[in-house]
Amino acid sequence: MTKKERFKKIFPILKDKFGNPKAALEFETPYQLMVAVILSAQCTDARVNIVTKELFKVVKYPKDIREMDLETLEKYIKSTGFYRNKAKNIKLNAEMMLEKYDDKIPKELEKLVELPGVGRKTANVVLGELWNIREGIVVDTHVKRLSNRIGFVKSENPEIIEKELMKFVPKKDWFVYSHYMILHGRDKCIARSPKCNICEIRDYCKYNLDNLKK
DNA sequence: CTCCCGATAT
DNA sequence: ATATCAGGAG
């Protein structure tokens, strides 16, 4: 089976399982979503939501971050890990927002990634979530792991993985596909101990098929 | 490539 | 004890 054929088998199964997924991150304003995604680096979104529940009571726009001192911000977000980097980036990010965009988040990927703390992954999530804009495929740790296990790619480089996936994943599915990878990654294709024996897509997964031979 | 870094599951 | 969690900057 070609990659495209396998994708056509896998995608409907995941679609049937997860439907039309909403982001697990909680937010009210677009700016809050960007902050939440920055916080979600190497951290579960459940943890991010615990932190933002308090933080977003006082932070809704970039000006709210400007008014908050660094130490206070660090205290709010500490439990998400990397808190000093994240706090510093969020402060710098707010300053650039106020200087260039006020509180209107730019809708171009090239401009978004210039904001401190925002990389390609974060930018794609923000654009997709807020305005359904798909400039690429979100490649996070889950997409990376599942793509390699299924046998779609053989690479640890997010940009190479993204290009490879874009060859056979239809553009209209780019955004939901990464959502499905993330959800399925948390549910069955867990990093440490994948539950291949109860996995819905095991018949199309290289990792499972290879293990059966042993 | 390394560093950042707390919380959680195993 | 240790790997892992919706990564980004230098």
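Numbering-wise, the working numbering comes out as the position in the first sequence, counting from 1, plus 1352.
Here a beta-carbon is modelled for each residue, glycine too, at the ideal position from N, C-alpha and C.
N-terminal and C-terminal residue of the alpha helix (DSSP H) that residue i is part of
| i | result |
| --- | --- |
| residue 1414 | 1414 to 1419 |
| residue 1539 | 1526 to 1539 |
| residue 1493 | 1493 to 1502 |
| residue 1482 | 1472 to 1483 |
| residue 1571 | Any answer about residue 1571 is impossible in this case: the structure gives the chain only from 1353 up to 1566. |
| residue 1435 | 1435 to 1448 |
| residue 1513 | 1510 to 1518 |
| residue 1426 | 1422 to 1429 |
| residue 1462 | 1461 to 1464 |
| residue 1542 | Per DSSP, residue 1542 belongs to no alpha helix (DSSP H) and is neither H nor E. |
| residue 1379 | Neither: residue 1379 is in no alpha helix (DSSP H) and is coded neither H nor E. |
| residue 1399 | 1397 to 1410 |
| residue 1366 | 1355 to 1370 |
| residue 1562 | 1558 to 1565 |
Alpha-carbon spacing of residue i relative to residue j, whole angstroms
| i | j | result |
| --- | --- | --- |
| residue 1487 | residue 1461 | 7 Å |
| residue 1470 | residue 1357 | 34 Å |
| residue 1507 | residue 1513 | 7 Å |
| residue 1377 | residue 1389 | 8 Å |
| residue 1408 | residue 1384 | 7 Å |
| residue 1397 | residue 1428 | 15 Å |
| residue 1541 | residue 1551 | 8 Å |
| residue 1483 | residue 1527 | 11 Å |
| residue 1522 | residue 1475 | 20 Å |
| residue 1557 | residue 1401 | 32 Å |
| residue 1421 | residue 1440 | 10 Å |
| residue 1547 | residue 1360 | 22 Å |
| residue 1452 | residue 1372 | 34 Å |
| residue 1406 | residue 1426 | 13 Å |
| residue 1463 | residue 1555 | 42 Å |
Reference residue i, options the options, closest by Cα
| i | options | result |
| --- | --- | --- |
| residue 1543 | 1519, 1515, 1492 and 1469 | 1492 |
| residue 1516 | 1529, 1505 and 1526 | 1505 |
| residue 1431 | 1448, 1395 and 1444 | 1395 |
| residue 1419 | 1443, 1438 and 1398 | 1443 |
| residue 1532 | 1437, 1550, 1375 and 1556 | 1375 |
| residue 1529 | 1354, 1362 and 1355 | 1362 |
| residue 1549 | 1538, 1564 and 1537 | 1564 |
| residue 1459 | 1403, 1371, 1386 and 1433 | 1386 |
| residue 1354 | 1547, 1519 and 1450 | 1519 |
| residue 1379 | 1500, 1553 and 1411 | 1411 |
| residue 1393 | 1425, 1465 and 1435 | 1435 |
| residue 1472 | 1447, 1509 and 1451 | 1509 |
| residue 1382 | 1525, 1457, 1423 and 1464 | 1457 |
| residue 1370 | 1480, 1539 and 1545 | 1539 |
Contact belief for residue i with residue j at Cβ below 8 Å, rounded distance in angstroms
| i | j | result |
| --- | --- | --- |
| residue 1495 | residue 1534 | 7 Å |
| residue 1502 | residue 1559 | 7 Å |
| residue 1561 | residue 1537 | Not quite, the Cβ-Cβ distance comes to about 18 Å (not below 8 Å), so this is no contact. |
| residue 1467 | residue 1445 | 5 Å |
| residue 1455 | residue 1414 | 6 Å |
| residue 1365 | residue 1553 | 5 Å |
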